[in-house]
Amino acid sequence: MAVNIKGRSFLTLKDFSSDEINYMLDLSIDLKRKKRAGIRGDLLERKNICLIFEKASTRTRCAFETAAFDEGGNVTFLTNSQMGKKESIEDTAKVLGRFYDGIEFRGFKQATVDALAEYSGVPVWNGLTDLYHPTQVLADFLTIKENTSKPLSQCKLVYAGDARNNVANSLMIGAAKVGMDFTAVAPQELYPEDSLVAEMREIASESGSVIEITTDIEEGLKGADAVYTDVWVSMGEEDMFEERIKLLEPYRVDMKMMKASGNPEVIFLHCLPSFHDIETEIGRDVKEKYGLDEMEVSDEVFRAPFSKVFDEAENRMHTIKAVMVGTIGNL
6 MAVNIKGRSF
16 LTLKDFSSDE
26 INYMLDLSID
36 LKRKKRAGIR
46 GDLLERKNIC
56 LIFEKASTRT
66 RCAFETAAFD
76 EGGNVTFLTN
86 SQMGKKESIE
96 DTAKVLGRFY
106 DGIEFRGFKQ
116 ATVDALAEYS
126 GVPVWNGLTD
136 LYHPTQVLAD
146 FLTIKENTSK
156 PLSQCKLVYA
166 GDARNNVANS
176 LMIGAAKVGM
186 DFTAVAPQEL
196 YPEDSLVAEM
206 REIASESGSV
216 IEITTDIEEG
226 LKGADAVYTD
236 VWVSMGEEDM
246 FEERIKLLEP
256 YRVDMKMMKA
266 SGNPEVIFLH
276 CLPSFHDIET
286 EIGRDVKEKY
296 GLDEMEVSDE
306 VFRAPFSKVF
316 DEAENRMHTI
326 KAVMVGTIGN
336 L
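Add 5 to a position in the sequence shown, counting from 1, and you land on the number used in my numbering.
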């Protein structure tokens, strides 16, 4: 059956089938080849795109902008609007929908991006909220596809660390959808919501995926094709470093953890930015206060040949381009 996502918003991977997710990944591969060949596209020609950012961004903003420009689109980067201040989200959405063909939102509340989609009348794309980060997961899955000889439905992805954050939620959702085994290795205090786990296990029972949540690092890592982690403290939680360090230091991804997979072809993934050294202001501050040279991943693992974090970062652009082309493009 032909897949068509034209006119749809991209708010969470819950809204998409396995076929639709794989369609976006296949489209990403085609668009990546096209860019590598130096072919300038026109699939977003005469399309106007609005990017709304409440949170700081490197990869998400740059990926959306370059992806749009590559295919002939026009972009407005909007950070100083009256949305939520002097104008309601509903009214702002109705205005922007008159101007733009698509809207991206990166911020805090999932309810905000949902409202933009409900009232704008155009496709809206979730660039990150407190609950979900679906564009990140498309890039992650593309990177796994490029670095394993197996289909996604035969792979095992292990996430180590804060398993109730937006990235971990979205990885679990995506894995359940495409039939990939997913294990979260985390302290019980940072397990994902029970309701989300139950919902994903129900989907997994049909897709063939196995969803596991455990504190057992060695057991959880067995058979991993990809090991994934994220920062211990998310944006807006900066006052929680001491608490998270106590909880998560045993879950730092190091060489011992990578070897526990038993897979000589295992890869390491991270959505970035990463505190793998002290070459940042925050890294130096943590070093001064808590004596750590590295946090969620060791510098050795981060720089190892099996670390695919910069391929993964590049793939943000190709997969975001596929989302925009698939939903508003001139296909």
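Even for Gly, the Cβ is constructed at its ideal location relative to N, Cα and C. All figures in this text were calculated on a predicted structure; none of them were measured in a lab.
By the criterion of at least three beta-carbon pairs nearer than 8 Å, the segment 115-133 is in contact with the segment 321-335.
If the five residues before and after Ile283 are omitted, its C-beta is found closer than 7 Å to the C-beta atoms of Arg289, Lys292 and Asp298, all from its own chain and listed in chain order.
Three or more beta-carbon pairs drawn from the segment 306-313 and the segment 261-279 are found closer than 8 Å, and the two stretches are therefore classed as touching. Inter-segment contact for the segment 9-27 and the segment 68-77 is absent: fewer than three beta-carbon pairs are separated by less than 8 Å.
The count of Cβ pairs closer than 8 Å, one atom from the segment 91-109 and one from the segment 31-39, stays below three, leaving the stretches out of contact. Cβ neighbours of Arg206 within its own chain (closer than 7 Å, five residues either side excluded): Ile216. Under the 10 Å beta carbon count, Asn9 is surrounded by fewer than 16 other beta carbons and is classified as exposed. Under the DSSP definition of a beta bridge, Leu133 partners with Arg111.
Within the DSSP bridge table, the entry for Phe273 names Val232 and Ser312 as partners. Cα atoms of Ala209 and Gly184: separation of roughly 7 Å, rounded to the nearest angstrom. Pairing His323 with Ala7, the inter-Cα distance amounts to about 21 Å. In this structure, the beta-carbon distance from Val118 to Thr134 falls below 8 Å. Under the three-pair Cβ rule at 8 Å, the segment 213-233 counts as touching the segment 163-173. Residues Ile149, Thr153, Met185, Asp186, Asp230 and Ala231 of the same chain have their beta carbon placed closer than 8 Å to that of Cys160, with the five preceding and five following residues left out of the count. Boundaries of the beta strand (DSSP E) around Lys161: Lys161 to Ala165.
Looking from the CA of His281, the closest CA among Glu242, Ile26 and Asp235 belongs to Asp235. In the DSSP assignment, Asp282 falls outside any alpha helix (DSSP H), carrying neither H nor E.
Three or more pairs of CB atoms, one per stretch, sit closer than 8 Å, so the segment 12-19 contacts the segment 170-178. Shown here for Val314: same chain residues with a beta carbon closer than 8 Å to its own, the five before and five after excluded, namely Phe273, Leu274, His275, Leu277, Ser279 and Phe307 in chain order. By DSSP's assignment, Asn79 forms a beta bridge with Asn53. In the DSSP assignment, Asp145 falls outside any beta strand (DSSP E) and within the unbroken alpha helix (DSSP H) covering Pro139 to Asn152.
In the structure shown, the three-state DSSP call for Val215 is coil. Counting along the chain, Ala189 sits inside the beta strand (DSSP E) bounded by residues Asp186 to Val190.
Taken through DSSP and simplified to helix, strand or coil, Phe15 comes out as strand. Annotated three-state conformation of Glu92 is strand, per DSSP.
Contact check for Arg169 against Tyr137 fails: the beta carbons are separated by 8 Å or more. Judged by DSSP in its simplified three-state form, Val258 adopts strand. Cβ atoms of Ala181 and Ser214 come within 8 Å of each other, at about 5 Å. A direct Cα-Cα distance of roughly 6 Å separates Tyr124 from Glu95.
Going by beta carbons, Thr140 and Arg321 fall inside the 8 Å limit.
Residue nearest to Asp259 within the set Tyr233, Gly241 and Cys55 is Tyr233 (criterion: CA-CA distance).
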